[in-house]
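Chemist: Handing you a structure now.
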Amino acid sequence: MIDKEKIREVNAQRLKAHETEFLALQETLVQKGLSVDDLLHHIQDFQVAVPSWALGAGGTRFGRFSFGGEPRTLSEKIDDVGLIHRLTQSAGSISLHIPWDIPEDANETRARAESHGLAFDAVNSNTFQDQANQELSYKFGSLCHVDSAIRAQAIQHNQEVIDIGRSLGSKSLTVWLSDGSSFPGQLNLRRALERTLDSLKQIYAYMPSDWKLFIEYKPYEPNFYSTVIADWGTSHLLATECGDRAYTLVDLGHHLPNTNIEQIVSTLIWRGKLGGFHFNDSKYGDDDLTVGAIKPYQLFLIFNELVEGMTNSANSNPPIAWMIDASHNIKDPLEDLMQSLEAIRLAYAQALIVNQADLQRAQQHNDPTLCQEILQDAFRTDVRPLVREARRRSGGALHPIEAFRHLKIRHKLIAQRGLHAIASGL
Ligand code: PSV
Ligand code: MN
């Protein structure tokens, strides 16, 4: 549907305007002592995984409104990520949720992803739902369950997910548990945590030696009184107990209102324990909205800690697995994902241009006014031409959503897959 020639044609219409804007920004950045080539390389290298469950319409417990042309199979989902990657050059991998997206033929699935230039990121296990033909129910938990047979079933599921991931070339497993309780007294909180640790240790022991385990936390939902892994501290504790290759995963939507997420990020990087990151945005809870739609300044502050921490922290943190984890209820999922990818790169680019040396000096002199000036100077710099230039140099579209609409991609997907095609998964 989209080849390099088509992208070049669409870009041609906007090239002149882009060049004018880029040259002006380049001059500003050079005056600040920045190397524009270095910035462009960093931005070009920044790749984010798209999860296999994000390509169709999401929904709430009140309803779901489909889009036409949703991907019906794993192959079609991979094709959709391929489309986004071609336009944005920033979605270089896909993250599978098992059992929603079990590959029928691993070699074929791998080859299809490779043909789009995509790799397989972390695989995600699912013990928060019961599947058809499943012997024992997760209604009252999985890895924390009071019944050892249910824990064994959940551990075995995670081991199968690792096997599937290995066949595709994944190198990490993300565990998110809905385990918890909805009523006080329902669960012995300490024992539930002990059992969860014991189960996670067994999963960790099964992982190949070059794999990582990411432990995701969430304060509430679907349980409404307690969640076994409710916060970063609990996740960090479990990861530390499991071993060197176990890490915390931060999902932006999994915090109570006004939590200082940048501080969590900074602490985890300091300890070398930040393994994965799920991007989305929210106003009230785990709203799963487009990245940067509500709180772009917070996103920038988080990236500022990430960039500073990755460059200066002595306890070196491994490369982080970045993923979008949003739900697309009213926007075209592909357009929504492209907006998120853009917001992520913009925040990253703004963090890259923060004058860290000046900031450190101002902090040393206890000068909060100057500290704010320095941070907001970067945040208020319009880096869109820089991000566009990075994308253009990688062969992507200057304006991905415009190109998507101009090339009538959604119409073509509907023509191919039908108006009532519904994506599998969440
Ligand atoms: C849970 O809210 C979560 O963030 C986890 O990452 C899941 O795997 C994902 O959403 C999709 O259910
Ligand atoms: Mn998540």
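Quick note: the sequence shown uses numbering that gives the first Met the number 0, first residue 0, plus one each step. Glycine is no exception: its CB is placed at the ideal position from the N, C-alpha and C atoms.
State buried or exposed for Ala16, treating a residue as buried only when at least 16 other CB atoms are found within 10 Å of its CB.
Modeler: Exposed, by the Cβ-count rule.
Chemist: Just to confirm my understanding: we take Glu388, look at its own chain, exclude 5 residues before and 5 after, and list those with CB closer than 7 angstroms. What are they?
Modeler: Phe21, Leu39.
Chemist: According to DSSP, simplified to helix, strand and coil, what is Trp321?
Modeler: Reduced to three states, the DSSP call for Trp321 is strand.
Chemist: So does Asp2 have its beta carbon nearer than 7 angstroms to some heavy atom of the ligand PSV?
Modeler: Outside the cutoff, so no.
Chemist: Looking at Ala320 and Leu86, is the spacing between their C-beta atoms short of 8 angstroms?
Modeler: Not in contact: Leu86 and Ala320 (Cβ atoms no closer than 8 angstroms).
Chemist: Between which two residues does the alpha helix (DSSP H) containing Ser234 stretch?
Modeler: Per DSSP, Ser234 belongs to the alpha helix (DSSP H) from 231-241.
Chemist: Quick one: grab the DSSP three-state call for Ile1.
Modeler: Correct three-state label for Ile1: coil.
Chemist: If I measure Cβ to Cβ from His115 and keep anything under 8 angstroms in the same chain, skipping five residues before and after, which residues do I get?
Modeler: Closer than 8 angstroms at Cβ, skipping near neighbours: Ile77, Asp78, Val80, Gly81, His84, Arg85.
Chemist: Using a Cβ distance threshold of 8 angstroms, determine whether the stretch 342-349 contacts the stretch 294-313, with at least three qualifying pairs required.
Modeler: Segments in contact, yes.
Chemist: Where does Gly179 fall in DSSP's three states?
Modeler: DSSP places Gly179 in strand when its eight states are reduced to three.
Chemist: Taking 7 angstroms as the cut-off, is the C-beta of Trp175 nearer than that to any heavy atom in the ligand PSV?
Modeler: Yes; taking the cut-off as 7 angstroms, the Cβ of Trp175 has a heavy atom of the ligand PSV nearer than that.
Chemist: What would DSSP say about Asp287, mapped onto helix, strand or coil?
Modeler: Note: Asp287 maps to coil in three-state DSSP.
Chemist: With a threshold of 7 angstroms, establish whether the CB of Asn222 neighbours any heavy atom of the ligand PSV.
Modeler: No, since every heavy atom of the ligand PSV falls outside the 7 angstroms radius drawn around the Cβ of Asn222.
Chemist: Following a CB-centred definition, is Glu215 positioned closer than 7 angstroms to any heavy atom of the ligand SAM?
Modeler: This structure lacks the ligand SAM; its bound ligands are the ligand PSV and the ligand MN.
Chemist: For the stretch 92-125, list the alpha helix (DSSP H) runs that are entirely contained and at least 4 residues long, ordered along the chain.
Modeler: The qualifying runs are 105-114.
Chemist: Taking His327 as the reference, which of Gln43, Asp44, Ser65 has the closest Cα?
Modeler: It is Ser65.
Chemist: Using only the alpha-carbon positions, how far apart do Val382 and Leu186 sit?
Modeler: Going by the C-alpha atoms only, they are around 50 angstroms apart.
Chemist: Going by DSSP in three states, Thr59 sits in which element: helix, strand or coil?
Modeler: It is a strand residue.
Chemist: Hey, quick one: how far does the alpha helix (DSSP H) through Pro50 stretch, first residue to last?
Modeler: Pro50 -> not in any alpha helix (DSSP H); beta strand (DSSP E) instead, spanning 48-50.
Chemist: Which class does Ile263 belong to by DSSP, given the choice of helix, strand or coil?
Modeler: In this structure, Ile263 counts as helix in the three-state DSSP scheme.
Chemist: Would you decide whether Ala110 is buried or exposed? Buried here means 16 or more other CB atoms lie within 10 Å of its CB.
Modeler: Exposed.
Chemist: Check whether the stretch 22-30 and the stretch 396-415 are in contact - that is, three or more C-beta pairs closer than 8 angstroms.
Modeler: The stretch 22-30, when compared against the stretch 396-415, does not touch it at the 8 angstroms Cβ threshold.
Chemist: With 16 as the cutoff for other CB atoms within 10 Å, does Asn123 come out buried or exposed?
Modeler: Buried, because 16 or more other Cβ atoms sit within 10 Å of the Cβ of Asn123.
Chemist: Locate the beta strand (DSSP E) running through Tyr246, then write down its first and last residues.
Modeler: Run containing Tyr246: 245-250, per the beta strand (DSSP E) assignment.
Chemist: Whose C-alpha, out of Ser177, Asp104, His254, is nearest the C-alpha of Gly140?
Modeler: Of the listed residues, the one whose Cα sits closest to Gly140 is Ser177.
Chemist: Counting C-beta neighbours from all protein chains within 10 Å, is the total for Gln349 16 or more, i.e. buried, or is it exposed?
Modeler: Buried.
Chemist: Does any heavy atom of the ligand PSV sit closer than 7 angstroms to the C-beta of Asp250?
Modeler: For the ligand PSV, at least one heavy atom lies less than 7 angstroms from the Cβ of Asp250.
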